[in-house]
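The structure under discussion appears below in the form of structure tokens.
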Amino acid sequence: MTRFVQTRPALRDPYTSDWQLQGWLDRLLGPGGHAAAKARLAAVSADVLGPLRAAHHDAETHPPTLTRFDAWGARIDRVDTATGWQTLRASAARHAVVALPYTSDARTTWGAGTRVVQHALLHLWGPESATFSCPVAMADGAAALLTACDPTSPWLARLTSTNPDHAVTSGQWMTESQGGSDIARSTTTARRLPDGRWVLTGDKWFCSAIDADMAIALARPEGAGPGSRNLAPFLVPRYTPGTALPADGLQVLRLKDKLGTRAVPTGEVRLDDVPAIPVGDPAVPGLARMMTLVVVTRLHNAAAAAGGMRRGLEYALSHAANRQVAGGTLTGNPLHRATLGGLAVDAAGAYALAAHAFALLGTATTDPGSSPASSAADELRLVAPLAKLLTGRLAVASASEYLEAFGGAGYVEDTGIPRLLRDAQVLPIWEGTTNVLSVDVLRALTTGDGARPLLHRAETAADTAVHRLPGVADTVIAATRRLTADVETAAADPRNDRVFAGARELALRLGTTLTAALLLEHAAWAADRGDDRPALLASLWTLRRLGNTDVSADLHTHFDQLV
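Residues 331 to 893 in the working numbering are what the sequence shown spells out, letter by letter.
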């Protein structure tokens, strides 16, 4: 008897096959800027199709291990990682996924658009990185913090190096077991020695990339007042200089046994007078400084969500093209076409939101103090938590659908498909849960211009779409009117119990409406160039997410245009 073997899903070139990515790069960078980035993006794409997939698999199947003592009983706290993990580390440096925004040549070529190019690199590279995108995010956040507070630090040069033998990544040690996201309850203290050096003492509960050469830790300087705002960031060298031994007084208590991101060595750390370097003036409340890092890592979280959604869709599409059901392939089944079409629309929305956030970051950090930079920084204060919370939730829902699209094979570990769901689940948790971020959104509504830029963007997009897409424009206008009234109520009294209880729904509506506006903006640009596919995406997102309309028939009919 001939045994049936299902064709394994294949991966198209993730750069050349992604028409949405290419269109956004043309718009945000201009044709010349996109052309200048093509060789870099093509090189990443080639690595994704080649050695990075093998490295990814090796890192996933050989998780990190912790050896606390050597054979003679000396404490060594050695964290060993797979060869594939080291390959991914080298590729991150070589492709400048952290370094690009800090490179003078890149800034000369793309200016504020350098962050747009970086996001495209992450979109292609991240899904095949065994979540090495996590230490990449923290390294970028640490580099942004040092750029703002200590630009001459030798650590900054190493964080932004493209030489794999010189480049380092960073950990991020914020949370403690008694407080979690309530960092005001942090008990880690910073003490200044008579010779001027600083040391930290305390326990940190969730320390990702514990194998990184450094970490940024929050601690309360001696004499500082209570509450979170008086915490200050410190740079902690992970190893004793010139050795592979942990820094004096630093112990790795254990590695976390996590649901997903299994290749990332995440540990609990004990600090007992561990040498540290203050980032900025420790006498000045430092939580605001730390937010420079947090905003960057939240945007990386959104990039990971959008990239993972697109990659999962690619695998599901490949499977559907090969899987025979009821006399034909799954791609010929109207119900399955509608299902995958809906996932394509969600992936497009997540990409638009993440790309916009990175574009804002680029503008906000180019020529600081200028009017465009200040305006972008104000808008980013709201967009960063919105992008992170909405894309994180979309990623989990989409990953669940991808597993279901494979049937039983989607539930079998060695197909690699279950990893999509396990890894997606960290995205709504890391850097703030949906509820924590929703409270941040309430705070953002009461500072600067609040939601005004977002609401204005939605109104303008609807006005632009009214002639081409009247029904869609009406949906956006109605949603924006309701949202404007609710935002005004929330901004007037954000601590009101009813407002506070509804913060999650308000934040999700803000994010969904912003995404509709961004998709409509891009659709108008593309239509002027003869491409109606973005208008189709924008229409389906808006009608489905803002209008609660059943668009299943349209998803089926226009399936080939969506993917």
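Where a beta carbon is used, it is the ideal one built from N, C-alpha and C, also for glycine.
Give the range of the alpha helix (DSSP H) segment to which R589 is assigned. Here residue 589 is taken as the residue at index 259 of the sequence shown, counted from 1. Per the sequence shown, the amino acid found at residue 589 is Leu instead of Arg. DSSP places L589 in no alpha helix (DSSP H); its state is neither H nor E.
Close-in-space but distant-in-sequence residues of the same chain around P702 (CB under 7 angstroms, 5 per side omitted): If you number the sequence shown from 1, residue 702 lands on position 372. Taking C-beta separations shorter than 7 angstroms and ignoring five residues to either side along the sequence, the partners of P702 in its chain run T693, following chain order.
Opposite F334 in the DSSP bridges: which residues? As a first step, residue 334 is located in the sequence shown; it is residue number 4 there, counting from the start. Per DSSP, none; premise fails for F334.
Start-to-end residues for the beta strand (DSSP E) that takes in V409: For the purposes of this step, residue 409 is taken as the residue at position 79 of the sequence shown. Counting along the chain, V409 sits inside the beta strand (DSSP E) bounded by residues 405-410.
Please classify S463 as buried or exposed, where buried requires at least 16 neighbouring CB atoms within 10 angstroms. Indexing the sequence shown from 1 puts residue 463 at position 133. Only buried fits S463, as 16 or more other CB atoms lie within 10 angstroms of its CB.
Where G555 falls, given that 16 or more other Cβ within 10 Å makes a residue buried: Stepping through the sequence shown from its first residue, residue 555 is reached at position 225. Classification for G555: exposed.
Do A549 and L530 have their C-beta atoms within less than 8 angstroms of each other? Residue mapping note: residue 549 aligns to position 219 of the sequence shown, counting from 1. Residue mapping note: residue 530 aligns to position 200 of the sequence shown, counting from 1. At a Cβ-Cβ threshold of 8 angstroms, A549 and L530 count as neighbours.
Sort V893, P394, R782 by Cα distance to D821 and report the nearest one. Indexing the sequence shown from 1 puts residue 821 at position 491. For the record, residue 821 in the displayed sequence is Ala; it is not Asp. The candidate whose alpha carbon is nearest that of A821 is R782.
Below 8 angstroms between beta carbons: does that hold for G604 and I540? Numbered from 1 along the sequence shown, position 274 holds the residue referred to as residue 604. Numbered from 1 along the sequence shown, position 210 holds the residue referred to as residue 540. In the sequence as displayed, the identity of residue 604 is Val instead of Gly. Taking 8 angstroms as the Cβ cut-off, V604 and I540 do not qualify as a contacting pair.
Where in the stretch 838-876 do unbroken runs of the alpha helix (DSSP H), each at least 4 residues long, occur, reported from the N-terminal end onward? Whole alpha helix (DSSP H) segments, 4+ residues: 863-871.
Terminal residues of the continuous beta strand (DSSP E) containing I807? Within the sequence shown, the letter at position 477 stands for residue 807. Taken as a continuous stretch (DSSP letters only), I807 belongs to no beta strand (DSSP E), being part of the alpha helix (DSSP H) at 800-822.
Do T696 and G441 have their beta-carbon atoms positioned less than 8 angstroms apart in this structure? As a first step, residue 441 must be located in the sequence shown, where it is residue number 111. As a first step, residue 696 must be located in the sequence shown, where it is residue number 366. Taking 8 angstroms as the cut-off, the Cβ atoms of G441 and T696 count as close.
Specify the secondary structure class of G657 as computed by DSSP and reduced to three states. Reading the sequence shown from its first residue, position 327 is the one you call residue 657. G657 falls in the coil class under three-state DSSP.
Is C464 near the ligand ATP, judged by its Cβ being under 7 angstroms from some heavy atom? This structure does not include the ligand ATP; it has no bound ligands of any sort.
Cβ distance (whole Å) where G501 is taken to contact C537 below 8 angstroms: Taking the first residue of the sequence shown as 1, we reach residue 501 at position 171. Taking the first residue of the sequence shown as 1, we reach residue 537 at position 207. With a contact defined as Cβ atoms closer than 8 angstroms, G501 and C537 qualify at about 5 angstroms.
Tell me where the alpha helix (DSSP H) around Q448 begins and ends. Looking up residue 448 in the sequence shown gives position 118. Note, Q448: alpha helix (DSSP H), 444-455.
Straight-line gap, R370 to D470 (C-alpha atoms, nearest Å): On the sequence shown, position 40 is the one that residue 370 refers to. On the sequence shown, position 140 is the one that residue 470 refers to. Taking the straight line joining both Cα atoms gives about 19 angstroms.
If we count the other Cβ atoms within 10 Å of its Cβ and call it buried at 16 or more, is A472 buried or exposed? The residue given as residue 472 occupies position 142 in the sequence shown. Buried, since its Cβ has 16 or more Cβ neighbours within 10 Å.
Name the two residues that bound the continuous beta strand (DSSP E) containing E506. Sequence index remark: in the sequence shown, residue 506 carries index 176 (1-based). Segment: none, E506 is in no beta strand (DSSP E) and carries neither H nor E.
Quick check: what's the CA-CA separation for L629 versus P431? Stepping through the sequence shown from its first residue, residue 629 is reached at position 299. Stepping through the sequence shown from its first residue, residue 431 is reached at position 101. Each residue's CA atom was taken as its position, placing L629 and P431 some 14 angstroms apart.
Quick check on this structure: which residue in T519, M639, R584 has the alpha carbon closest to the alpha carbon of P612? If you number the sequence shown from 1, residue 612 lands on position 282. Taking P612 as reference, the option from T519, M639, R584 with the minimal CA-CA separation is T519.
I'd like the ranges of any alpha helix (DSSP H) spanning at least 4 consecutive residues and lying wholly in the stretch 757-784. Complete alpha helix (DSSP H) runs here, min 4: 764-775.
I607 in three-state terms, based on DSSP: Here residue 607 corresponds to residue number 277 of the sequence shown, with the count starting at 1. It is a strand residue.
Element boundaries [alpha helix (DSSP H), containing Q891]: Here residue 891 refers to the residue found at position 561 of the sequence shown. For Q891, the enclosing alpha helix (DSSP H) begins and ends at 889-892.
Just to confirm the assignment, what range does the alpha helix (DSSP H) spanning W354 have? Against the sequence shown, residue 354 aligns to sequence position 24. Where W354 is concerned, the enclosing alpha helix (DSSP H) stretches over 349-379.
What residue does the beta strand (DSSP E) around L585 start on, and which one ends it? As a first step, residue 585 is located in the sequence shown; it is residue number 255 there, counting from the start. Counting along the chain, L585 sits inside the beta strand (DSSP E) bounded by residues 580-585.
With distances taken between CB atoms, is the gap from A846 to T879 smaller than 8 angstroms? The sequence position of residue 846 within the sequence shown is 516, counting from 1. The sequence position of residue 879 within the sequence shown is 549, counting from 1. Not closer than 8 angstroms, so no.
Per the DSSP calculation, V599 is bridged to which residue(s)? Stepping through the sequence shown from its first residue, residue 599 is reached at position 269. For V599, which the question treats as bridged, DSSP gives the partners K534, V582.
Run the CB neighbour count on T777, radius 10 Å, all protein chains shown included, and call it buried at 16 or more, exposed below. As a first step, residue 777 must be located in the sequence shown, where it is residue number 447. Answer is exposed; the Cβ neighbour count stays below 16.
Flag this pair as yes or no: are the beta carbons of A856 and A795 separated by less than 8 angstroms? Locating residue 856 in the sequence shown gives position 526, where the first residue counts as 1. Locating residue 795 in the sequence shown gives position 465, where the first residue counts as 1. Result no, Cβ atoms of A856 and A795 do not sit closer than 8 angstroms.
Using the rule of at least 16 other Cβ atoms within 10 Å of the residue's Cβ for burial, across every protein chain shown, is R592 buried or exposed? Here residue 592 is taken as the residue at index 262 of the sequence shown, counted from 1. Only buried fits R592, as 16 or more other CB atoms lie within 10 angstroms of its CB.
Spatial neighbours of L508 within its chain, please: CB distance less than 6 angstroms, with the 5 preceding and 5 following residues excluded, ordered by chain position. What you label residue 508 is simply residue 178 of the sequence shown in a count that begins at 1. The sequence shown places Gln at residue 508, rather than the Leu named in the question. R515.
Per the DSSP calculation, W415 is bridged to which residue(s)? The residue labelled residue 415 in the question sits at position 85 within the sequence shown. W415 is not bridged to any residue.
Is L885 closer than 8 angstroms to L867 when the C-beta atoms are compared? If you number the sequence shown from 1, residue 867 lands on position 537. If you number the sequence shown from 1, residue 885 lands on position 555. Cβ atoms of L867 and L885: not closer than 8 angstroms.
Run the CB neighbour count on R584, radius 10 Å, all protein chains shown included, and call it buried at 16 or more, exposed below. Translated into positions along the sequence shown, residue 584 becomes position 254. R584 is exposed by the Cβ-count criterion.
If you draw a straight line from the alpha carbon of G780 to that of G510, how long is it in whole angstroms? One-based indexing of the sequence shown puts residue 780 at position 450. One-based indexing of the sequence shown puts residue 510 at position 180. Going from the Cα of G780 to the Cα of G510 covers about 27 angstroms.
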